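To keep things clear, I will list the structure first and then write my remarks on it.
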Amino acid sequence: MNWADELTKNLNGPQADAVRHTQGPVLALAGAGSGKTRTIVHRIGYLIHVDGVKPWRIVAVTFTNKAAQEMQQRTIDIVGPVAADCLIRTYHSFGLYLLRQLAQYLEMPASFTIWDEADQQSVIQTILTSKFNLNLNKTQVRYFAQTFSSFKDSLISPDELADEVDLDQYEYGEIMQEAYHLYEQQKKQSIAMDFADLLYQPVRVLQSVPEALEKYRNRYRYFLVDEYQDTNYAQYMLINLLAGAERNLFVVGDDDQAIYGWRGADVTNILNFNQDYPDALVIKLEENYRSTQPILDLANSVIANNSNRMEKRLFTSLTEGSLPKLTVLPDDNSEAIFIAEQIARLSQSIHHDEIAVLYRTNAQSRLFEEALLQRKIPYRVFGGTAFFARKEVKDVLAYLRFIDNPFDEVSFIRAVTTPPRGIGEKSLEKIYAARFDNPEHSFLAIIGRAATLEIPAKAQLALTELHDWITEMRARVKKQVDLGLLLEDILDRSGLLAAFEEEDRLLGTNRLEHITELKNSMLDFQTRRPEGLLSDYLQDISLYTSTADLNPEGAGKAVNLMTIHNAKGLEFEVVFITGMDEDIFPHYLAQRNGDIEEERRLFYVAVTRAKRILQLTRAKRRMMGGQYQQTRPSVFLGEIPPGMLKMEETTAATSPVATYKKTFQAPSRKPVTGEKFKNMITAAANADSSVNPNFKPGDRVKHPNFGTGKVLRIEGSGESAKIHIFFSDNKSRKFLLRYTNLEKL
DNA sequence: CTTGAAGCGATTTTT
DNA sequence: TCGCTTCAAG
Numbered sequence: 206m207n208w209a210d211e212l213t214k215n216l217n218g219p220q221a222d223a224v225r226h227t228q229g230p231v232l233a234l235a236g237a238g239s240g241k242t243r244t245i246v247h248r249i250g251y252l253i254h255v256d257g258v259k260p261w262r263i264v265a266v267t268f269t270n271k272a273a274q275e276m277q278q279r280t281i282d283i284v285g286p287v288a289a290d291c292l293i294r295t296y297h298s299f300g301l302y303l304l305r306q307l308a309q310y311l312e313m314p315a316s317f318t319i320w321d322e323a324d325q326q327s328v329i330q331t332i333l334t335s336k337f338n339l340n341l342n343k344t345q346v347r348y349f350a351q352t353f354s355s356f357k358d359s360l361i362s363p364d365e366l367a368d369e370v371d372l373d374q375y376e377y378g379e380i381m382q383e384a385y386h387l388y389e390q391q392k393k394q395s396i397a398m399d400f401a402d403l404l405y406q407p408v409r410v411l412q413s414v415p416e417a418l419e420k421y422r423n424r425y426r427y428f429l430v431d432e433y434q435d436t437n438y439a440q441y442m443l444i445n446l447l448a449g450a451e452r453n454l455f456v457v458g459d460d461d462q463a464i465y466g467w468r469g470a471d472v473t474n475i476l477n478f479n480q481d482y483p484d485a486l487v488i489k490l491e492e493n494y495r496s497t498q499p500i501l502d503l504a505n506s507v508i509a510n511n512s513n514r515m516e517k518r519l520f521t522s523l524t525e526g527s528l529p530k531l532t533v534l535p536d537d538n539s540e541a542i543f544i545a546e547q548i549a550r551l552s553q554s555i556h557h558d559e560i561a562v563l564y565r566t567n568a569q570s571r572l573f574e575e576a577l578l579q580r581k582i583p584y585r586v587f588g589g590t591a592f593f594a595r596k597e598v599k600d601v602l603a604y605l606r607f608i609d610n611p612f613d614e615v616s617f618i619r620a621v622t623t624p625p626r627g628i629g630e631k632s633l634e635k636i637y638a639a640r641f642d643n644p645e646h647s648f649l650a651i652i653g654r655a656a657t658l659e660i661p662a663k664a665q666l667a668l669t670e671l672h673d674w675i676t677e678m679r680a681r682v683k684k685q686v687d688l689g690l691l692l693e694d695i696l697d698r699s700g701l702l703a704a705f706e707e708e709d710r711l712l713g714t715n716r717l718e719h720i721t722e723l724k725n726s727m728l729d730f731q732t733r734r735p736e737g738l739l740s741d742y743l744q745d746i747s748l749y750t751s752t753a754d755l756n757p758e759g760a761g762k763a764v765n766l767m768t769i770h771n772a773k774g775l776e777f778e779v780v781f782i783t784g785m786d787e788d789i790f791p792h793y794l795a796q797r798n799g800d801i802e803e804e805r806r807l808f809y810v811a812v813t814r815a816k817r818i819l820q821l822t823r824a825k826r827r828m829m830g831g832q833y834q835q836t837r838p839s840v841f842l843g844e845i846p847p848g849m850l851k852m853e854e855t856t857a858a859t860s861p862v863a864t865y866k867k868t869f870q871a872p873s874r875k876p877v878t879g880e881k882f883k884n885m886i887t888a889a890a891n892a893d894s895s896v897n898p899n900f901k902p903g904d905r906v907k908h909p910n911f912g913t914g915k916v917l918r919i920e921g922s923g924e925s926a927k928i929h930i931f932f933s934d935n936k937s938r939k940f941l942l943r944y945t946n947l948e949k950l
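For the numbering used here, add 205 to where a residue sits in the first sequence, where the first one is 1.
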């Protein structure tokens with residue numbers, strides 16, 4: 206086979222130029238749907254098969270996990286299995302990969318812990334209270350965390366801060382430098398890195414250690430960067446440092462799709478590429494192969510409202526196509542149900558994984574999940590904090606992380622206080638003080654000397670016990686272990702298992718179900734990387750946010766639920782853009798910050814994800830802060846010329862919501878929504894026991910665990926109904942009615 | 001001192 | 001609805 210022909214024959218002129226021009230800098234200005242990924246993938250193939258470049262000399266980076274996975278898969282499909290040796294990663298994953306190898310230059314072991322935002326914020330919170338006597342709320346603490354990250358995105362260390370920025374323009378400017386410094390110090394003492402470090406630290410090492418730079422410049426010779434318009438300074442430096450010698454740098458981007466300004470992304474990185482590399486070949490990809498003309502018309506008419514854009518004229522040969530539609534629903538619930546029904550209808554002709562439901566904020570996903578679950582339509586939720594931010598998951602991970610890294614302050618605190626074992630604020634302060642005096646000793650070592658701490662005997666005992674079994678576990682994980690068994694041991698010995706069981710039973714949570722999911726991810730990991738250690742697993746998952754990231758193969762035939770940010774770089778036959786209401790999209794905070802043009806680009810990104818069918822929805826009322834509020838239509842709707850959008854409105858009376866509620870209002874089985882519905886499916890196995898008679902105050906009842914008692918009162922109704930029972934042990938307890946197996950006497 | 005219960009407000013997008 | 005803060009009992 207002639208690879209040169211094979212890899213260019215299905216490309217248009219400019220695409221083929223971009224693929225063939227493998228030496229030296231190339232900038233591809235690529236409109237939405239113009240075959241960016243396709244070009245990158247074919248270029249990788251050309252490098253390997255025509256130029257004879259070794260795959261491991263090729264680095265390709267993009268932004269989101271899903272986009273990276275997709276690029277990797279498509280490369281293997283087109284180029285062959287040899288492409289598995291290319292480094293196709295997200296920026297952060299590439300940064301982590303380098304950082305592990307460069308950690309020695311930072312006097313850090315390669316197996317550091319990675320702190321997410323919540324971890325970061327809890328450390329900053331502690332610093333602000335203990336060192337500055339500032340008791341700030343969550344929003345203010347988040348502000349500190351974001352500010353520190355923005356410094357690192359701009360490659361500014363605590364020492365350089367005063368010279369580089371005008372601290373007066375920052376709130377708390379007078380303590381900013383000191384706080385930033387303390388945070389970095391604590392982090393180092395915890396043997397931890399935050400997300401910004403994954404880029405900042407490798408860049409700093411490459412800048413200051415010539416031999417390190419030399420080594421990686423030698424190893425990696427070809428760089429391909431997707432979404433270049435969204436790079437921040439640290440990302441820009443990382444790539445340009447490494448590619449700077451050979452200058453085989455291929456970047457693609459579109460200024461109309463710049464949507465990460467809030468994270469320090471700088472569009473001028475792409476606009477100035479020509480100044481960085483005056484000899485760069487500039488290629489324009491303007492033919493759209495993705496969407497039909499009506500979809501493109503809508504996209505173009507909206508983005509035209511932005512000033513300061515590079516003129517581009519996107520065209521397509523797919524002139525036929527149905528008009529995009531806007532459906533106005535009475536409320537957010539009916540919006541979700543409407544979408545679920547549309548999807549059910551489309552299922553006849555279109556695969557579920559060719560359908561995407563897009564929203565502006567992760568919080569909006571809940572109603573869609575519920576509606577899809579009710580109709581048994583499979584779905585996957587991308588991004589968000591859906592899984593790894595769950596309390597039970599973080600609880601278990603805290604133990605795993607503490608076992609892996611006994612210096613980690615965040616994991617230690619969480620593990621030692623969850624579940625409660627008599628260690629409170631005061632005891633923790635004592636532990637802190639001891640650690641402050643001996644920063645070279647781990648938290649584990651310090652609780653190993655519990656007897657020397659001035660804390661209650663009960664607390665000493667608890668600490669010693671914890672120390673002993675954590676030590677035992679640490680000995681175990683030095684070698685390769687079955688992570689699933691380890692997890693079970695931890696659940697058991699920590700007391701978490703009992704706590705979760707109790708909660709699931711009394712409150713109807715799904716904690717153990719989520720733990721099982723975590724366990725599955727471990728089994729998955731061990732299948733994928735049989736040599737993998739606990740620390741590898743922990744670093745691996747730290748870059749994932751949802752279970753959808755966890756098992757890419759599990760994609761199957763599920764509908765995709767994601768934010769618009771997460772959808773960038775992807776395409777679907779059918780796209781729903783939801784929440785077309787003022788303050789939702791554009792988001793009111795963006796509006797307030799004057800980022801309306803970025804919101805408009807976001808809308809442009811959303812629209813251009815659709816290949817054939819584009820459906821917009823909005824709701825006239827939405828549940829906000831516990832009550833319904835009227836909404837106004839998004840400004841973006843007003844920017845669409847009449848005739849480009851078909852409109853329809855459905856009313857409450859015909860809304861499926863009402864019908865649904867009625868069907869399920871039967872007294873024997875309480876109505877269920879969302880998460881709870883899942884329980885019902887599981888509960889369906891022992892269906893008979895889930896049928897409760899109606900109880901009223903005064904009834905005598907028997908509870909399987911607490912024996913007989915008298916009903917005091919029923920609080921609330923429907924799925925959230927709670928029953929208060931006074932038991933024969935003279936104690937009253939309350940339960941969620943629908944999860945309690947009560948027998949009427 | 002620690003913990004559970006009651007009461008109150010909720011501020012975005014990614015890794 | 002959820003999670004955090006406040007308060008009082010053990």
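All C-beta atoms, glycine included, are put in the ideal place defined by N, C-alpha and C.
These figures come from a predicted structure and were not determined experimentally.
Residue i CB to nearest heavy atom of the ligand ADP below 7 Å
| i | result |
| --- | --- |
| V840 | As presented, the structure is devoid of all ligands, the ligand ADP included, so that no description of it is given. |
For residue j and residue i, the rounded distance between their alpha carbons
| i | j | result |
| --- | --- | --- |
| S616 | F349 | 21 Å |
| Q440 | D709 | 44 Å |
| L577 | Y584 | 7 Å |
| R806 | I464 | 7 Å |
| T295 | M442 | 15 Å |
| S522 | R734 | 45 Å |
| K843 | Y421 | Sequence check: residue 843 is Gly here, not Lys. So the two alpha carbons sit approximately 51 Å from each other. |
| T657 | P611 | 19 Å |
| T669 | R606 | 19 Å |
| H254 | L738 | 35 Å |
| K773 | I508 | 16 Å |
| Q391 | A655 | 22 Å |
| T213 | E275 | 20 Å |
| K724 | E597 | 12 Å |
| E546 | F573 | 11 Å |
Residue i - partner residues in DSSP beta bridges
| i | result |
| --- | --- |
| I782 | L563 and L821 |
| P838 | D786 |
| A233 | V457 and I488 |
| L429 | A265 and F455 |
| E853 | T532 |
| R826 | D536 and Q835 |
Residue environment, residue i, which counts as buried when at least 16 other CB atoms sit within 10 Å
| i | result |
| --- | --- |
| E854 | exposed |
| E575 | buried |
| P898 | At P898, the pLDDT of 44 sits below 50, so the modelled position is not reliable and the matter cannot be decided from this model. |
| K683 | exposed |
| P407 | buried |
| Y833 | exposed |
| D431 | buried |
| T334 | exposed |
| T331 | buried |
| T878 | Note that T878 scores a pLDDT of 32, beneath 50, so its modelled location is shaky; the value from the coordinates is reported in the next line. It is buried - the Cβ of T878 has at least 16 other Cβ atoms within 10 Å. |
| N798 | exposed |
- Between the segment 548 to 567 and the segment 763 to 771, are three or more C-beta pairs nearer than 8 Å? They touch, by the three-pair rule.
**Asked** Would you say the segment 394 to 404 touches the segment 315 to 327, given that touching needs at least three Cβ pairs under 8 Å?
**Response** Counting Cβ pairs under 8 Å, three or more are found: they touch.
Counting only runs that start and end within the segment 264 to 331, where is the alpha helix (DSSP H) found for 4 or more residues in a row? Counting whole runs of 4 or more residues, the segment 264 to 331 contains the alpha helix (DSSP H) stretches 270 to 284 and 296 to 307.
Which parts of the segment 325 to 370 are runs of the alpha helix (DSSP H), unbroken and 4 residues or longer, counting only runs that do not cross its ends?
Scanning the segment 325 to 370 for uninterrupted alpha helix (DSSP H) segments of 4 residues or longer gives 343 to 358 and 366 to 369, listed from N- to C-terminal end.
Going residue by residue through the segment 714 to 776, where are the continuous alpha helix (DSSP H) segments of at least 4 residues, counting only ones entirely within it? As summarised for the segment 714 to 776, the continuous alpha helix (DSSP H) elements at least 4 residues long and confined to that stretch are 716 to 733, 739 to 747, 752 to 755 and 769 to 772, given in chain order.
Can you give, in chain order, each stretch of the beta strand (DSSP E) that sits fully within the segment 571 to 617 and has at least 3 residues? Taken in chain order, the unbroken stretches of beta strand (DSSP E) that lie wholly in the segment 571 to 617 and span 3 residues or more are 584 to 586.
Open item on the list: Count Cβ pairs between the segment 227 to 238 and the segment 485 to 505 that sit closer than 8 Å; are there 3 or more?
Closed with: Taking a cut-off of 8 Å on C-beta distances, the segment 227 to 238 touches the segment 485 to 505, as three or more cross pairs fall below it.
For the segment 255 to 269 against the segment 471 to 485, are there 3 or more C-beta pairs whose distance is under 8 Å?
They do not touch, by the three-pair rule.
Given 8 Å as the limit, is there contact between the segment 272 to 288 and the segment 692 to 712, that is, 3 or more CB pairs closer than that? Flag = no, the segment 272 to 288 and the segment 692 to 712 do not touch.
Please specify which runs of the alpha helix (DSSP H), each continuous and at least 4 residues long, are wholly inside the segment 468 to 517, giving them in chain order. With a minimum length of 4 residues, the unbroken runs of alpha helix (DSSP H) contained wholly in the segment 468 to 517 fall at 473 to 476, 478 to 481 and 498 to 508.
Query raised in the report: In the segment 679 to 705, which residue ranges form an unbroken alpha helix (DSSP H) of at least 4 residues, counting only runs that do not cross its ends?
Result: Runs of the alpha helix (DSSP H) inside the segment 679 to 705: 688 to 699.
**OP:** Mind listing, in chain order, the continuous alpha helix (DSSP H) runs of no fewer than 4 residues lying wholly within the segment 619 to 667?
**Re:** You should have 630 to 642 and 648 to 653.
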